[in-house]
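S.K.: 1 is the number of the first residue of the sequence shown in our numbering; add one for each residue after it. Got a structure for you, written out below as structure tokens; questions coming shortly.
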Amino acid sequence: MINGPETSSPALLPMGFVDLLPAEAEAEARGLAEVMEVFSCHGYERVRPPLLEFEGSLLSGAGEALADQSFRLLDPASHRMMALRPDMTTQIARIAAVRMQDCPRPLRLSYAGDCVVIGTPGREGQRQIAQAGIELIGPDKAEADAEVIALGAEALARLGIANVSFDLSMPVMVWSLIDGSFSGIERESIIHALDRRDAAAVREYGGAWAELLLGMMEAVGPAASALEKLEKLDFPAMLKPHVARLRADVAAILARLPGARLTVDPVDFRGWRYHTGVCVTVFAMHSREELGRGGRYLAGDEPACGLTLNPQAFLRVAAKPKRRKRCLVPSVMVQKDLSSLHEAGYATIASLGLSGEMEQEAHHLRCSHIWKDGKPVALAR
Numbered sequence: 001m002i003n004g005p006e007t008s009s010p011a012l013l014p015m016g017f018v019d020l021l022p023a024e025a026e027a028e029a030r031g032l033a034e035v036m037e038v039f040s041c042h043g044y045e046r047v048r049p050p051l052l053e054f055e056g057s058l059l060s061g062a063g064e065a066l067a068d069q070s071f072r073l074l075d076p077a078s079h080r081m082m083a084l085r086p087d088m089t090t091q092i093a094r095i096a097a098v099r100m101q102d103c104p105r106p107l108r109l110s111y112a113g114d115c116v117v118i119g120t121p122g123r124e125g126q127r128q129i130a131q132a133g134i135e136l137i138g139p140d141k142a143e144a145d146a147e148v149i150a151l152g153a154e155a156l157a158r159l160g161i162a163n164v165s166f167d168l169s170m171p172v173m174v175w176s177l178i179d180g181s182f183s184g185i186e187r188e189s190i191i192h193a194l195d196r197r198d199a200a201a202v203r204e205y206g207g208a209w210a211e212l213l214l215g216m217m218e219a220v221g222p223a224a225s226a227l228e229k230l231e232k233l234d235f236p237a238m239l240k241p242h243v244a245r246l247r248a249d250v251a252a253i254l255a256r257l258p259g260a261r262l263t264v265d266p267v268d269f270r271g272w273r274y275h276t277g278v279c280v281t282v283f284a285m286h287s288r289e290e291l292g293r294g295g296r297y298l299a300g301d302e303p304a305c306g307l308t309l310n311p312q313a314f315l316r317v318a319a320k321p322k323r324r325k326r327c328l329v330p331s332v333m334v335q336k337d338l339s340s341l342h343e344a345g346y347a348t349i350a351s352l353g354l355s356g357e358m359e360q361e362a363h364h365l366r367c368s369h370i371w372k373d374g375k376p377v378a379l380a381r
């Protein structure tokens, strides 16, 4: 059978890409503006890296961990391979190391934009994702980690998102044990066992580290109790500084955010491959969706920490923004009157006189008010 030419519909989009219609697009724009304003108020200066970079630049260094998630295409001008960014953090690291290397440290940068990811099997539903985040580059201190988390909490609170939980992990601890002691099939077996939280398999494949890994698996929960359990474990010398840093981070976060909901999971390690210290995942208590994540890493040769929020997720649990009241006004109107309506929260819709009757036109254009006798008048429903 010979297949005919592929038929397509104007409404058909590639998997993982969607149109945002007026209400959704407006909510996203307002939410992002609120978040970025919080970051700006704390001295985080906004940068905008490109959507496309040469593959060799974007996916080198820490970016190697993103290679499997990246769409690639050939640049018709240079005939070099390019990649669409699947994440913005490594781009910010490049900007800091190359374009802003002479700027004083600490360097505080913010960003917002879209990324494109391939997705994993069964999870290709979102390929275009929005990101908004901050990076604090220079100091390697618990107070810096706490600052980033505190600003994330403030940004979410600005959107009316309460009862936020910060789940802390130290994936470098697990990766240090795996990379230093396991290889081949044994490595894959212990990774799979830890990922599934399979205690029997960890005991079987964990070798000399089995008891320590099992103890770390038990030290999961509210930060205070988790740290207490970790203190009782016999860590090798190479891991003790990480345990101490985790304890210091919890103290620094609580100093900035008294009463913050903090949990600790010492064996949460998948998806954190290039991170070098404490990592955080952000949740709202009334949602299962991850609102953001971040952690400590190396920006080139510099220590850095950051937090990336997911607007598509946090806007689903944020307080719904009030829609502007729509007021139909004459096509020619005194600017002072227009400005007064805008300041009062109205969107003004200029009448083009297509229907002959302004009230009829106002109803047709979904207006709630009409400009009459020098003031907005509510339309009868």
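For glycine and all other residues, C-beta sits at the position ideal for the given N, C-alpha and C.
For R326, name the three-state secondary structure that DSSP assigns.
M.R.: Residue state, collapsed to three classes: strand.
S.K.: Can you name, in chain order, every residue of its own chain whose Cβ lies under 7 Å from the Cβ of I2, other than the five neighbours on each side?
M.R.: Note that I2 scores 46 on pLDDT, short of 50, meaning its location in the model is unreliable; the coordinates nonetheless yield the value given after this. Excluding sequence neighbours, I2 sits near nothing in its chain.
S.K.: Taking the alpha-carbon of E302 as reference, which of E135, A255, G345 and T348 has the nearest alpha-carbon?
M.R.: Nearest of E135, A255, G345 and T348 to E302, Cα basis: E135.
S.K.: Can you tell me whether P376 is buried or exposed? The criterion is at least 16 other CB atoms within 10 Å of its CB, across all chains shown.
M.R.: The residue is buried, with at least 16 neighbouring Cβ atoms inside 10 Å.
S.K.: Rounded to whole angstroms, what's the CA-CA distance from R381 to I370? Just pull it up for me.
M.R.: Taking the straight line joining both Cα atoms gives about 13 Å.
S.K.: Have a look at V38 and E154 and give me their C-alpha separation to the nearest angstrom.
M.R.: Distance between the alpha carbons of V38 and E154 is about 7 Å.
S.K.: Among V117, G61, M36 and E45, which has the Cα closest to the Cα of F17?
M.R.: Ranking V117, G61, M36 and E45 by Cα distance to F17 puts V117 first.
S.K.: If we ignore side chains and look at the alpha-carbon of each, how far apart do R105 and I95 end up?
M.R.: Taking the straight line joining both Cα atoms gives about 14 Å.
S.K.: Helix, strand or coil for D337? Go by DSSP, reduced to three states.
M.R.: Helix at D337.
S.K.: Taking 7 Å as the limit between beta carbons, can you name the residues of its chain near G160, skipping five residues before and five after?
M.R.: Counting only Cβ-Cβ distances below 7 Å, and skipping sequence neighbours, we find A318 and A319.
S.K.: From A210, S331 and T308, pick the residue whose C-alpha is nearest to that of L194; which is it?
M.R.: The residue with the shortest Cα to Cα distance from L194 is A210.
S.K.: Just how far apart, CA to CA, sit D268 and V172?
M.R.: Spanning the two alpha carbons is a distance of roughly 10 Å.
S.K.: Can you tell which of L239, Q360, A226 and G133 has its C-alpha closest to the C-alpha of I178?
M.R.: Cα-wise, what sits closest to I178 is L239.
S.K.: Mind reading off the beta-carbon distance from I137 to A299? Whole number of angstroms is fine, and I expect it under 8 Å.
M.R.: With a Cβ gap of about 5 Å, I137 and A299 count as contacting.
S.K.: Taking the alpha-carbon of S40 as reference, which of F182, R108, G277 and W175 has the nearest alpha-carbon?
M.R.: Nearest option by C-alpha distance: R108.
S.K.: So, with DSSP's three-state summary, where would you put D19?
M.R.: In the structure shown, D19 sits in coil (DSSP, three-state: anything other than H, G, I, E or B).
S.K.: Run the CB neighbour count on E55, radius 10 Å, all protein chains shown included, and call it buried at 16 or more, exposed below.
M.R.: The residue is buried, with at least 16 neighbouring Cβ atoms inside 10 Å.
S.K.: Could you tell me which whole alpha helix (DSSP H) segments of length 4 or greater appear in the region 125-173?
M.R.: Counting whole runs of 4 or more residues, the region 125-173 contains the alpha helix (DSSP H) stretches 142-158.
S.K.: Check whether the Cβ atoms of C279 and D145 sit closer than 7 Å, and answer yes or no.
M.R.: Taking 7 Å as the Cβ cut-off, C279 and D145 do not qualify as a contacting pair.
S.K.: With A150 and R256 assumed to form a contact (beta carbons below 8 Å), what rounded beta-carbon distance in angstroms separates them?
M.R.: Correct: roughly 4 Å between the Cβ atoms.
S.K.: Please report the straight-line C-alpha distance between A248 and T308, rounded to a whole angstrom.
M.R.: Taking the straight line joining both Cα atoms gives about 22 Å.
S.K.: Got a sec? Which residues, its chain only, sit under 6 Å from R273 by beta carbon, not counting five neighbours each side?
M.R.: For R273, where only same-chain residues beyond five positions count, the Cβ hits under 6 Å are A65.
S.K.: Considering just the uninterrupted stretch of the beta strand (DSSP E) at P376, what are its terminal residues?
M.R.: Note, P376: beta strand (DSSP E), K375 to A378.
S.K.: Specify, as a first and last residue, the run of the alpha helix (DSSP H) that S445 falls within.
M.R.: One cannot answer for residue 445 here, as it falls past the ends of the chain, which runs 1 to 381.
S.K.: Would Q126 and D114 qualify as a contact pair, given that the criterion is a beta-carbon distance under 7 Å?
M.R.: Contact flag unset, no.
S.K.: Which class does C305 belong to by DSSP, given the choice of helix, strand or coil?
M.R.: In the structure shown, C305 sits in a strand (DSSP, three-state: E or B).
S.K.: Measure how close the beta-carbons of D265 and S181 come, nearest whole angstrom, since I'm counting them as under 8 Å.
M.R.: Not a contact, Cβ separation roughly 21 Å.
S.K.: Would you please state the rounded distance, in angstroms, between the beta carbons of A130 and P311? I believe it to be under 8 Å.
M.R.: So it is a contact: roughly 4 Å between Cβ atoms.
S.K.: On the criterion of 16 or more Cβ atoms from any shown chain inside 10 Å, does G345 qualify as buried, or is it exposed?
M.R.: With fewer than 16 Cβ atoms within 10 Å of its Cβ, G345 is classed as exposed.
S.K.: Could you check the C-alpha separation between E34 and H42 for me, to the nearest Å?
M.R.: Cα-Cα distance, rounded: 13 Å.
S.K.: Tell me the DSSP secondary structure of M216 in three-state form.
M.R.: Three-state result, M216: helix.
S.K.: DSSP on I2, reduced to helix/strand/coil?
M.R.: With a pLDDT of only 46 at I2, under 50, the local geometry of the prediction cannot be trusted, and the value read off the model is given with reservation. Coil at I2, not helix or strand.
S.K.: Distance, Cα to Cα, Y297 vs T276?
M.R.: Rounded to whole angstroms, Y297 to T276 spans 5 Å at the Cα level.
S.K.: Going straight from the alpha carbon of L365 to that of R323, what length do you get?
M.R.: The straight-line gap from Cα to Cα measures roughly 15 Å.
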